[in-house]
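Only one structure is covered here, and it is reproduced in the block below.
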Amino acid sequence: MNYDYLIREINRSYPLRIEQIRLHREMIGGVYFAEGGGNRYVLKIYRSFKTADALQSVRILDYLQECSYPAVTVLRTAGQESHILLEAQDGLHAAILYDYVEGDNPEGKAQAGSIGQQTGELHQLMQGYPDELIHRTKTEYIGDYLSIMREMDCDSQSVAALEHYGNELWIRMSELPRHFCHGDLHTGNIIRDSRGQYVLMDFDDASGDYPAMDVAYMSDDTHFNQFHESMYDDTRRLFEQFYSGYSKVRTLNDKECSAVFDFIAVRHYQIISRIVRCQGLQSVSKAFCDEQYGWLMKWRELCLSRPQ
Numbered sequence: 001m002n003y004d005y006l007i008r009e010i011n012r013s014y015p016l017r018i019e020q021i022r023l024h025r026e027m028i029g030g031v032y033f034a035e036g037g038g039n040r041y042v043l044k045i046y047r048s049f050k051t052a053d054a055l056q057s058v059r060i061l062d063y064l065q066e067c068s069y070p071a072v073t074v075l076r077t078a079g080q081e082s083h084i085l086l087e088a089q090d091g092l093h094a095a096i097l098y099d100y101v102e103g104d105n106p107e108g109k110a111q112a113g114s115i116g117q118q119t120g121e122l123h124q125l126m127q128g129y130p131d132e133l134i135h136r137t138k139t140e141y142i143g144d145y146l147s148i149m150r151e152m153d154c155d156s157q158s159v160a161a162l163e164h165y166g167n168e169l170w171i172r173m174s175e176l177p178r179h180f181c182h183g184d185l186h187t188g189n190i191i192r193d194s195r196g197q198y199v200l201m202d203f204d205d206a207s208g209d210y211p212a213m214d215v216a217y218m219s220d221d222t223h224f225n226q227f228h229e230s231m232y233d234d235t236r237r238l239f240e241q242f243y244s245g246y247s248k249v250r251t252l253n254d255k256e257c258s259a260v261f262d263f264i265a266v267r268h269y270q271i272i273s274r275i276v277r278c279q280g281l282q283s284v285s286k287a288f289c290d291e292q293y294g295w296l297m298k299w300r301e302l303c304l305s306r307p308q
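Residue numbering for the sequence shown follows the UniProt record's numbering, beginning at 1 and increasing consecutively.
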């Protein structure tokens, strides 16, 4: 969006005087860094179909702040609203202004145990969350990627094989305990501040689905595009490090622990569909889909060959 327009709308809505703004990244949504009065802020603009997720994110962050859990702060407008609406060619987009958090992204392997403990604390704290959480569907986790492959006229046998694998994954997922999960937990969404606390951001994919999914995503030591058999054992080791901290607060049952490897496959279905639905079919190629088909089939066979 036009920078002058964004500055004008922020200054009109918030008791601030923003002087400059720049785009940080644009993928699922647009993230901007803003500065004014010697302070820094983060503006996140959500795509129109993500408005419900954006507003749920605000409610979760408000709850965590009330409970003194380290999470990014949502700034209020002059009228005490949690967000503003910005005009774009495709309609109105919700935008939320956050405090800028000073610090660095943590080193996932070296700090896995500490991050695991704080993640356990998050899951435990969210047991008391008073509002209903969004539940995401099989289509969001699995089916949308298959639809994209069909839209791209990918090989029908590859689509059928991935659909079969997706059904296997969904059956096992459906047997797992449900409660809060962050939904996109990785070191890029965590800042370690000057007090050594891990400040969590980006709750846009939070749900009332599978806490084990957060554990899996933080334990993922695979390469998204290149397959190596060693990634299974690397992931198991990272899971053990992460879980050594997590289990100080709460534990997973045997099915949840085994599901760590399933969720890594689910993440491939999920991430690709998110990117394409935001960036368009031109953002991926048939060759890329073929590579992902090969990756997922090899991962399935590798998981079947290893004790869970």
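We put the beta carbon where it would ideally sit given N, CA and C, even for glycine.
Does the beta-carbon of Ile171 have 16 or more other beta-carbons within 10 angstroms, so that it is buried, or is it exposed? Ile171 comes out exposed.
Quick check on Pro15: buried or exposed, where buried means 16 or more other Cβ atoms within 10 Å of its Cβ? Under this definition Pro15 is an exposed residue.
Looking at the secondary structure, which residues open and close the alpha helix (DSSP H) in which Tyr69 lies? In the DSSP assignment, Tyr69 falls outside any alpha helix (DSSP H), carrying neither H nor E.
Environment of Asp155 [buried if 16+ CB atoms lie within 10 Å]: Exposed: under 16 other Cβ atoms inside 10 Å.
Buried or exposed: Met27, going by 16 or more other Cβ atoms within 10 Å of its Cβ? By the 10 Å Cβ count, Met27 comes out exposed.
Roughly how many whole angstroms lie between the Cα atoms of Gln124 and Tyr232? Using only the alpha carbons, I get a separation of about 28 Å.
With a CB to CB cut of under 7 Å and the five nearest residues on each side skipped, what residues in its chain are close to Ser207? Counting only Cβ-Cβ distances below 7 Å, and skipping sequence neighbours, we find Leu133, Ile134, His135, Arg136, Cys181 and Gly183.
Relative to the alpha-carbon of Val101, which residue among Tyr198, Cys303, Arg237 and Arg76 has its alpha-carbon at the smallest distance? The alpha carbon of Val101 has as its nearest neighbour, out of Tyr198, Cys303, Arg237 and Arg76, the alpha carbon of Tyr198.
If you draw a straight line from the C-alpha of Cys289 to the C-alpha of Asp104, how long is it? The alpha-carbon of Cys289 is positioned some 33 Å away from that of Asp104.
What three-state label does DSSP hand Ala287 in the structure shown? Helix at Ala287.
Assigned secondary structure, Phe224 (DSSP; H/G/I helix, E/B strand, else coil): Looking at Phe224 - three-state DSSP - the assignment turns out to be coil, as it is neither helix nor strand.
Who are the near neighbours of Glu163 in its chain, counting only those whose CB is closer than 6 Å to its CB and skipping five residues on each side? Taken in chain order, the residues that qualify are Leu146.
Hey, quick one: how far does the alpha helix (DSSP H) through Ile134 stretch, first residue to last? Note, Ile134: premise wrong, no alpha helix (DSSP H); not H, not E.
Among Leu6, Glu81 and Pro130, whose alpha-carbon lies nearest the alpha-carbon of Leu64? Checking every option, the nearest Cα to that of Leu64 belongs to Pro130.
For the alpha helix (DSSP H) containing Asp4, name the first residue and the last one. Segment Tyr3 to Ser13, the alpha helix (DSSP H) holding Asp4.
How many whole angstroms separate the CB atoms of Ile21 and Leu43, which I take to be in contact at a CB cut-off of 8 Å? 7 Å between Cβ atoms; contact.
On a Cα-Cα basis, can you pick out the residue from Leu92, Ile7 and Gly29 that is closest to Gln279? Ranking Leu92, Ile7 and Gly29 by Cα distance to Gln279 puts Gly29 first.
Using only alpha-carbon positions, find the residue among Gly36, Tyr3 and Gly37 that is nearest to His24. Nearest of Gly36, Tyr3 and Gly37 to His24, Cα basis: Tyr3.
Using the Cα positions of Ala212 and Glu19, report the straight-line distance between them to the nearest angstrom. Near 43 Å, if we compare the C-alpha coordinates of Glu19 and Ala212.
Limits of the alpha helix (DSSP H) - the one that Lys255 falls within: Here the alpha helix (DSSP H) through Lys255 covers Asp254 to Gln279.
For Val249, the three-state DSSP class (helix, strand or coil): Annotated three-state conformation of Val249 is coil, per DSSP.
State the CB to CB distance for the pair Glu151 and Ile84, rounded to an integer number of angstroms; the pair is presumed to be in contact (CB under 8 Å). Rounded, the Cβ-Cβ distance is 34 Å, inconsistent with contact.
Which residue comes first and which comes last in the beta strand (DSSP E) that contains Val31? Gly30 to Gly36 is the extent of the beta strand (DSSP E) around Val31.
Can you give the beta carbon distance from Gly36 to Arg17, rounded, assuming they're within the 8 Å contact cut? 5 Å between Cβ atoms; contact.
Counting C-beta neighbours from all protein chains within 10 Å, is the total for Lys248 16 or more, i.e. buried, or is it exposed? Counting every other CB atom within 10 Å of its CB across the protein chains shown gives Lys248 a total below 16, marking it as exposed.
Taking 8 Å as the cut-off, does the segment 244-259 touch the segment 109-124 (at least 3 CB pairs, one atom from each stretch)? Contact between the segment 109-124 and the segment 244-259 is present, because at least three Cβ pairs lie under 8 Å.
How is the alpha helix (DSSP H) around Ala216 delimited, first residue to last? Ala216: member of the alpha helix (DSSP H) spanning Pro211 to Ser219, first to last residue.
What does a CB cutoff of less than 6 Å around Leu6 pick up in its chain, not counting 5 residues either side in sequence? Result list for Leu6: Ile21, in chain order.
Is it the case that the Cβ atoms of Tyr46 and Ala94 are separated by a distance below 8 Å? It is a contact, given that the beta carbons lie within the stated cut-off.
Leaving aside the five residues before and after Leu92 along the sequence, list all residues of the same chain whose C-beta is less than 8 Å from its C-beta, in chain order. Ser48, Leu85 and Leu86.
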